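A.B. asks: At position 214 of the sequence shown (counting the first as 1) the number is 220 in my numbering, and the numbers step up by one without a gap. What follows is a structure written as structure tokens; I'll ask about it next.
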Amino acid sequence: MPARFRHAAIVGKYQAQGIRPVLEEIAHFLVDQGLEVCLERDTARATGSADFEALTPEQVGQRCDLAVVVGGDGTMLAIARELAPFHVPLVGINQGRLGFITDIPLGQFRDALGPIVAGDFESEHRSMLTGEVWRDGERIFEGLSLNDVVVSRGASASMVELRVDVDGDFVANLRADGLIVSTPTGSTAYALSAGGPILHPAIGGLVMVPIASHTLSNRPIVLPDHGEVRIGVVSGKDVSANFDMHNIASLILGDQVRVRRSQHQVRFLHPRGWSYYATLRRKLRWYEGVV
Numbered sequence: 007m008p009a010r011f012r013h014a015a016i017v018g019k020y021q022a023q024g025i026r027p028v029l030e031e032i033a034h035f036l037v038d039q040g041l042e043v044c045l046e047r048d049t050a051r052a053t054g055s056a057d058f059e060a061l062t063p064e065q066v067g068q069r070c071d072l073a074v075v076v077g078g079d080g081t082m083l084a085i086a087r088e089l090a091p092f093h094v095p096l097v098g099i100n101q102g103r104l105g106f107i108t109d110i111p112l113g114q115f116r117d118a119l120g121p122i123v124a125g126d127f128e129s130e131h132r133s134m135l136t137g138e139v140w141r142d143g144e145r146i147f148e149g150l151s152l153n154d155v156v157v158s159r160g161a162s163a164s165m166v167e168l169r170v171d172v173d174g175d176f177v178a179n180l181r182a183d184g185l186i187v188s189t190p191t192g193s194t195a196y197a198l199s200a201g202g203p204i205l206h207p208a209i210g211g212l213v214m215v216p217i218a219s220h221t222l223s224n225r226p227i228v229l230p231d232h233g234e235v236r237i238g239v240v241s242g243k244d245v246s247a248n249f250d251m252h253n254i255a256s257l258i259l260g261d262q263v264r265v266r267r268s269q270h271q272v273r274f275l276h277p278r279g280w281s282y283y284a285t286l287r288r289k290l291r292w293y294e295g296v297v
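Encoded structure:
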């Protein structure tokens with residue numbers, strides 16, 4: 007018999023209007039399924055819900071064997087980075103707009119969650135990135151990303167010049183608005199809008215995508231994910247590195263951003279019969295024109 011989950015944490019997009027009744031409805035449903043339920047601390051504080059114990063992400067990682075994330079992909083990205091070191095599997099219930107990784111429609115959460123918590127589900131692992139900022143031979147910042155690491159110019163500044171090396175081999179000097187290094191998961195995010203390809207999550211690769219390159223021959227490239235990408239700041243003002251558009255590090259000339267595959271992975275659980283291609287078809291509207 008499949009193993010049942012026993013202790014679930016609920017993480018919500020707590021900035022959304024009217025989210026508290028939704029979270030509490032899901033929480034009570036899980037209790038009815040025989041699970042112990044808690045709320046992630048910031049979710050509990052922001053919604054004012056006091057019916058369930060509130061835990062920090064670290065406590066969730068130590069005590070829970072499942073996390074149910076209610077919101078959009080941004081909500082999922084934030085908690086995935088926190089829980090990845092603890093190997094807690096994640097289920098995404100979509101209350102956002104697009105939802106590539108929060109894939110269960112809110113109105114269908116009962117039909118989807120019931121079998122999942124009983125141990126009947128599809129499981130997949132997604133790779134992550136570790137990004138570091140080095141200055142004068144010293145690491146001054148480190149961040150974890152599920153989607154991407156982006157080095158880019160500020161809002162009012164001119165383009166930046168970046169030197170790119172992969173595994174010690176010089177690749178290019180790039181004059182552009184910036185550069186994206188993305189996981190397969192992130193290939194449907196910022197990298198896609200910048201003209202990059204979609205990578206299936208099972209591919210062991212990274213995609214490197216220039217942002218508005220001054221030279222039209224600078225094109226996206228897919229790299230193996232067992233190496234290291236180094237991005238040096240040659241020129242530019244107000245340059246920054248961000249990690250999943252969340253953690254941000256300000257850069258100066260001579261700084262170097264080093265990106266490689268993280269030792270951590272994120273585990274997603276989906277309803278039985280879930281298909282990545284169906285997700286692409288639905289989210290990117292590839293079904294248009296089909297009779």
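C-beta: ideal position from N, C-alpha, C; glycine also. Nothing here was measured: the structure is a model prediction, and the numbers come from that model.
By the DSSP assignment, the alpha helix (DSSP H) with Val123 in it spans what residues?
C.D. replies: Taking the first residue of the sequence shown as 1, we reach residue 123 at position 117. Start and end: Phe115 to Val123.
A.B. asks: Which residues does DSSP list as the beta-bridge partners of Met214?
C.D. replies: Here residue 214 refers to the residue found at position 208 when the sequence shown is read from its first residue. Per DSSP, Val187 and Ile227.
A.B. asks: To which residues of the same chain is Leu36 closer than 6 Å at the C-beta, ignoring the five residues directly before and after it?
C.D. replies: Here the question's residue 36 lines up with position 30 in the sequence shown. If we look at Leu36 and ignore the five residues flanking it on each side, its Cβ neighbours are Ala14 and Val43.
A.B. asks: Which residues share a DSSP beta bridge with Thr136?
C.D. replies: Taking the sequence shown and counting its residues from 1, one reaches residue 136 at position 130. In the DSSP output, where bridge partners are listed per residue, Thr136 has Leu150 and Arg266.
A.B. asks: For the alpha helix (DSSP H) containing Ala33, name the first residue and the last one.
C.D. replies: In the sequence shown, counting from the first residue as 1, residue 33 sits at position 27. Taken as a continuous stretch (DSSP letters only), the alpha helix (DSSP H) holding Ala33 covers Ile25 to Asp38.
A.B. asks: Starting from Ala60, follow the beta strand (DSSP E) in both directions and report where the run begins and ends.
C.D. replies: In the sequence shown, residue 60 corresponds to position 54, counting from 1. Taken as a continuous stretch (DSSP letters only), the beta strand (DSSP E) holding Ala60 covers Glu59 to Leu61.
A.B. asks: Could you tell me the alpha carbon to alpha carbon distance between Asp71 and Arg10, rounded to whole angstroms?
C.D. replies: For this step, residue 71 is matched to residue 65 along the sequence shown. For this step, residue 10 is matched to residue 4 along the sequence shown. Their backbone Cα atoms lie some 10 Å apart in a straight line.
A.B. asks: Mind checking who Glu42 pairs with in its DSSP beta bridge?
C.D. replies: For this step, residue 42 is matched to residue 36 along the sequence shown. Glu42 is bridged to His13.
A.B. asks: Quick one: using the 10 Å Cβ neighbour count with 16 as the cut-off for buried, is Ile186 buried or exposed?
C.D. replies: As a first step, residue 186 is located in the sequence shown; it is residue number 180 there, counting from the start. The residue in question, Ile186, is buried, as its Cβ has 16 or more Cβ neighbours within 10 Å.
A.B. asks: Quick one: Cα of Glu64 to Cα of Arg47, how far?
C.D. replies: If you number the sequence shown from 1, residue 64 lands on position 58. If you number the sequence shown from 1, residue 47 lands on position 41. Glu64 and Arg47: Cα-Cα distance of roughly 10 Å.
A.B. asks: Under 7 Å between the Cβ atoms of Gly202 and Val213?
C.D. replies: Taking the sequence shown and counting its residues from 1, one reaches residue 202 at position 196. Taking the sequence shown and counting its residues from 1, one reaches residue 213 at position 207. Against a cut-off of 7 Å, the Cβ pair of Val213 and Gly202 comes out as a contact.
A.B. asks: Check Leu205 in the structure and name its three-state DSSP category.
C.D. replies: Taking the first residue of the sequence shown as position 1, residue 205 is located at position 199. Reduced to three states, the DSSP call for Leu205 is coil.
A.B. asks: Taking the alpha-carbon positions, what's the Gly98 to Ser241 distance?
C.D. replies: Working through the sequence shown from its first residue, we reach residue 98 at position 92. Working through the sequence shown from its first residue, we reach residue 241 at position 235. So the two alpha carbons sit approximately 41 Å from each other.
A.B. asks: Indicate the three-state DSSP secondary structure (helix, strand or coil) for Ile99 in the structure shown.
C.D. replies: Walking along the sequence shown from the start, residue 99 turns up at place 93. Of the three classes helix, strand and coil, the one that applies to Ile99 here is strand, per DSSP.
A.B. asks: Helix, strand or coil: which one does DSSP assign to Ile1?
C.D. replies: Residue 1 is absent from the model: the chain starts at 7 and stops at 297.
A.B. asks: Is it buried or exposed for Gly149, if we count other Cβ within 10 angstroms and need 16 for buried?
C.D. replies: Within the sequence shown, the letter at position 143 stands for residue 149. Buried is the call here.
A.B. asks: Out of Phe92, His131, Met82 and Lys289, which one is the CA nearest neighbour of Leu198?
C.D. replies: Position 192 of the sequence shown, counting from 1, holds the residue named residue 198. Checking every option, the nearest Cα to that of Leu198 belongs to Lys289.
A.B. asks: In the DSSP assignment, find the unbroken alpha helix (DSSP H) run with Leu198 in it and report its ends.
C.D. replies: The residue given as residue 198 occupies position 192 in the sequence shown. Run containing Leu198: Tyr196 to Ser199, per the alpha helix (DSSP H) assignment.
A.B. asks: Going by the DSSP bridge assignment, what does Ser158 pair with across the sheet?
C.D. replies: Reading the sequence shown from its first residue, position 152 is the one you call residue 158. DSSP, once it has assigned bridges, lists Gly184 and Ser246 as partnering Ser158.
A.B. asks: Within its chain, find whatever has a CB closer than 8 Å to the CB of Ala50; leave out the 5 residues flanking it on each side and keep chain order.
C.D. replies: Stepping through the sequence shown from its first residue, residue 50 is reached at position 44. Counting only Cβ-Cβ distances below 8 Å, and skipping sequence neighbours, we find Ala56, Phe58 and Ala60.
A.B. asks: Rounded to whole angstroms, what is the Cα-Cα separation between Trp292 and Tyr283?
C.D. replies: The residue labelled residue 292 in the question sits at position 286 within the sequence shown. The residue labelled residue 283 in the question sits at position 277 within the sequence shown. Approximately 10 Å, taken between the alpha carbons.
A.B. asks: Would you mind stating whether Val166 and Val265 have Cβ atoms separated by less than 7 Å?
C.D. replies: Locating residue 166 in the sequence shown gives position 160, where the first residue counts as 1. Locating residue 265 in the sequence shown gives position 259, where the first residue counts as 1. For Val166 and Val265, no; Cβs fall outside 7 Å.
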